[in-house]
Structures are given as structure tokens and as C-alpha cells.
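Enquirer:
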Amino acid sequence: REKVEMTKEQRALMKAIVDAYNRHQIPQDVAKKLLQEQYSAEENFLLLTEMATSQVQVLVEFTKNIPGFLSLDREDQIALLKGSTVEAMFLRSAQVFSRKMPNGHTVVLEERIRKSGIPDEFMTPMFNFYKSIGELHMVQEEQAILTAITILMPDRPYVKDHQAVERLQETMLNVLRKLCVLQHPQEQQYFARLLGRLTELRTLSHYHAEMLTSWKMNDHKFTPLLCEIWDVQ
Ligand SMILES: CC(C)NC(=O)n1c(-c2ccccc2)cc2c1CN(S(=O)(=O)c1cccs1)CC2
8 REKVEMTKEQ
18 RALMKAIVDA
28 YNRHQIPQDV
38 AKKLLQEQYS
48 AEENFLLLTE
58 MATSQVQVLV
68 EFTKNIPGFL
78 SLDREDQIAL
88 LKGSTVEAMF
98 LRSAQVFSRK
108 MPNGHTVVLE
118 ERIRKSGIPD
128 EFMTPMFNFY
138 KSIGELHMVQ
148 EEQAILTAIT
158 ILMPDRPYVK
168 DHQAVERLQE
178 TMLNVLRKLC
188 VLQHPQEQQY
198 FARLLGRLTE
208 LRTLSHYHAE
218 MLTSWKMNDH
228 KFTPLLCEIW
238 DVQ
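Residue numbers (my numbering): 8 to 240.
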């Protein structure tokens, strides 16, 4: 098989993305709160609201550091962010969930998430996704670039300059393809499996939209930022 090499530009691009990804992390104390003591379903819901809100802020900062993103049309930048926050949030959640935690923490975390007012029919697909991401044992470069690829999805609603976004995403896909070959030489289809997760993410975001309506019914409160980004009144 031919020797796969990353070009200088691709290595620089990957470094920029990974540095941005590592710079913009959720404050660990928020995640720790979820693990601390036993809370009520309402309190767990509030914690998740707090975590999701800080994740959106982290995501905006990360996105601004994706080379080329700020040169896109301003309205397209907003359309890409609005269209990808739920998927990026589930991707980040899966990565946090499948991270090596002191034993018992994962169980506690799952229990807290299950007891937070989220409809049961949503739990199964959500935890299946977390596990399917965990099984991939992604390195952090792959996590960072996969998140960038999710954000730079040209077919999000209201994107005008489809081509410009496609060009940026293609650059990222080329880096990810080489990275997968270099990091997982034994698994021919690893890159394809990674992209398959993006399809699973879309399904989750449809579930999420339905969940939002049911939450609105039981007058669950969200933060102004989540209301803005998720078009919740
Ligand atoms: C890491 C952050 C981004 N994850 C997070 O906030 N989680 C996590 C989660 C997963 C693994 C580890 C730690 C936390 C599970 C869920 C959410 C948020 N959503 S939400 O955005 O729909 C929501 C917002 C408000 C009420 S419900 C519900 C499900």
C-alpha cells in the first residue's frame, strides 16, 4: 500500500484545530457537579442546561478558530452554528461519557442523566450513540476534526454559499482520512465508520427537536442562549 503522508499544510491545519479544541473545554467543575451528590430530576435538568449552555459558548469559540470559518459569509456562519450545536453537543457528550473516569463515575453519570426529566424513549438512542462513539477509541485529533466536519456541513438550513462551506469541509475530510489511516492502520474502514457516526448524530438531533417540544409542554426553563440557538420561545 502506498505510504500515507500528511502535507505540511495539513499538519498545520490539524494543529490549529486540535489547539482550539483543547483550549475551549467545558469547565470541569460543571461536569463534576453532576457527579457530586444526589439531586432531584429538576436539579439534574438544571445542571444539564448549565452544561449544554457552556458547551454552546465553548463551541462558538472553537468554531471561530477553524481556519477559513471567519472568511465565510456572516449569515452562513450563524446558519452553520445554529444547525450544528445539537450534533456537536451530542458528540462532545459522547466523548465526555466514554472518557476513562474513576470506576463507578460513568455509572453515576448515566444514572444522573437518566434521572433528569428527559423522556425515556430518547435515552436508548442517546446512550447507544455514546457507546458506539466510545467503541471507536478516537484520538483527540480525530475528535477535534470530526467536530469541525460536523460544524462545516454544507447542507444545513439557510446556508447560501454551499460551495464555500463544502470546500472547507472537504479540506477537513482529507485530513481526517489520512489521520485515520495513520492512527488505525489495521482498520481499513475506520474512516467510513467515523463518518457513519455523523448519520447517527442527525437522527439524535431529530429526537432532540421532539424532546424540546415535550419539555416546553412541562414548562421546563432553558437559558436565553439555548432558547436562541434552539428556537425555543
Ligand atoms: C458535556 C455536555 C455538553 N453534555 C450535556 O450537557 N449533556 C449530557 C452529558 C453527557 C455526558 C456527560 C455529561 C453530560 C447529557 C445530555 C446533555 C444535554 N442535553 S440537552 O442539551 O438536550 C439539555 C439541556 C438542558 C436540558 S436537556 C440532554 C442530555
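A virtual CB, placed ideally from N, CA and C, is assigned to each residue, including glycine.
1. Distance, Cα to Cα, S105 vs T206?
2. Could you tell me whether the Cβ atoms of L41 and L116 are closer together than 8 Å?
3. Using only the alpha-carbon positions, how far apart do R204 and F198 sit?
4. As an exercise, report each continuous alpha helix (DSSP H) stretch of at least 4 residues that is fully enclosed by the stretch 125-191, in chain order.
5. Quick check: the stretch 163-180 against the stretch 81-91, are at least 3 beta-carbon pairs closer than 8 Å?
6. Ligand 1 and T56: does any heavy atom of the ligand fall closer than 7 Å to the residue's C-beta?
7. How is K10 classed by DSSP in three states: helix, strand or coil?
8. Compute the minimum distance between the beta carbon of F136 and the heavy atoms of ligand 1, and state whether it is under 7 Å.
9. Pop quiz: D83 and K167 are said to be a contact at Cβ under 8 Å. What is the actual Cβ separation, rounded to whole angstroms?
10. Is it true that the CB of I140 sits closer than 8 Å to the CB of Q176?
11. Along the chain, where does the alpha helix (DSSP H) that runs through H112 open and close?
12. For a test of the three-state rule: what should DSSP assign to T210, helix, strand or coil?
13. Are the CB atoms of V65 and I24 nearer to each other than 8 Å?
14. Would the stretch 70-82 and the stretch 151-168 be scored as touching if the rule is three or more Cβ pairs under 8 Å?
15. Give the straight-line distance between the Cα atoms of S91 and A155, rounded to the nearest whole angstrom.
16. Using a Cβ-Cβ cut-off of 7 Å (strictly less than) and excluding sequence neighbours within five positions of L219, which residues of its own chain qualify?
17. Whose C-beta lies closer than 7 Å to the C-beta of M133 among residues of the same chain, with five residues either side of it excluded?
18. Determine the contact status of L55 and Y46, defining contact as a CB-CB distance below 8 Å.
19. Excluding sequence positions up to five away, which residues of its chain have a Cβ less than 7 Å from the Cβ of T70?
20. Just confirm the distance between the C-beta atoms of L143 and R184, as a whole number of angstroms; I'd bet it's less than 8 Å.
Expert: This is what the structure gives:
1. For the purposes of this step, residue 105 is taken as residue 98 along the sequence shown, with counting starting at 1. For the purposes of this step, residue 206 is taken as residue 199 along the sequence shown, with counting starting at 1. Near 19 Å, if we compare the C-alpha coordinates of T206 and S105.
2. Taking the first residue of the sequence shown as position 1, residue 41 is located at position 34. Taking the first residue of the sequence shown as position 1, residue 116 is located at position 109. Using a Cβ distance threshold of 8 Å, L41 and L116 count as a contacting pair.
3. What you label residue 204 is simply residue 197 of the sequence shown in a count that begins at 1. What you label residue 198 is simply residue 191 of the sequence shown in a count that begins at 1. In this structure, the alpha-carbon of R204 lies about 10 Å from that of F198.
4. As far as the stretch 125-191 is concerned, its whole alpha helix (DSSP H) runs of at least 4 residues are 127-141, 147-158 and 169-190.
5. The stretch 81-91, when compared against the stretch 163-180, does touch it at the 8 Å Cβ threshold.
6. Numbered from 1 along the sequence shown, position 49 holds the residue referred to as residue 56. Inclusion of T56 in the 7 Å shell around ligand 1 follows from its C-beta lying nearer than that to a non-hydrogen atom of the ligand.
7. Along the sequence shown, read from residue 1 onward, the residue named residue 10 stands at position 3. The DSSP-derived three-state label of K10 is coil.
8. Taking the sequence shown and counting its residues from 1, one reaches residue 136 at position 129. Distance from the C-beta of F136 to the nearest heavy atom of ligand 1 is not below 7 Å.
9. As a working note, residue 83 is residue 76 in the sequence shown. As a working note, residue 167 is residue 160 in the sequence shown. At roughly 6 Å, the Cβ-Cβ gap stays under 8 Å, so D83 and K167 are in contact.
10. The residue labelled residue 176 in the question sits at position 169 within the sequence shown. The residue labelled residue 140 in the question sits at position 133 within the sequence shown. Result no, Cβ atoms of Q176 and I140 do not sit closer than 8 Å.
11. What you label residue 112 is simply residue 105 of the sequence shown in a count that begins at 1. Per DSSP, H112 belongs to the alpha helix (DSSP H) from H112 to R121.
12. For this step, residue 210 is matched to residue 203 along the sequence shown. Looking at T210 - three-state DSSP - the assignment turns out to be helix.
13. Residue numbering aside, residue 65 sits at position 58 when the sequence shown is read from its first letter. Residue numbering aside, residue 24 sits at position 17 when the sequence shown is read from its first letter. Contact flag unset, no.
14. The stretch 70-82 vs the stretch 151-168: in contact.
15. For this step, residue 91 is matched to residue 84 along the sequence shown. For this step, residue 155 is matched to residue 148 along the sequence shown. Cα to Cα, the separation comes out at about 10 Å.
16. Counting from one through the sequence shown, the residue named residue 219 turns up at place 212. Around L219: W237 and V239.
17. Walking along the sequence shown from the start, residue 133 turns up at place 126. Result list for M133: L211, in chain order.
18. On the sequence shown, residue 55 is found 48 positions in, with the first residue counted as 1. On the sequence shown, residue 46 is found 39 positions in, with the first residue counted as 1. Their beta carbons are not under 8 Å apart, which means L55 does not touch Y46 by this criterion.
19. On the sequence shown, position 63 is the one that residue 70 refers to. If you ignore the 5 residues before and after T70, its C-beta comes within less than 7 Å of the C-beta of F76, L88 and I158, all in its own chain and listed in chain order.
20. Start at 1 with the first residue of the sequence shown, and residue 143 comes out as number 136. Start at 1 with the first residue of the sequence shown, and residue 184 comes out as number 177. Their Cβ separation, rounded to whole angstroms, is 15 Å, which puts L143 and R184 out of contact at 8 Å.
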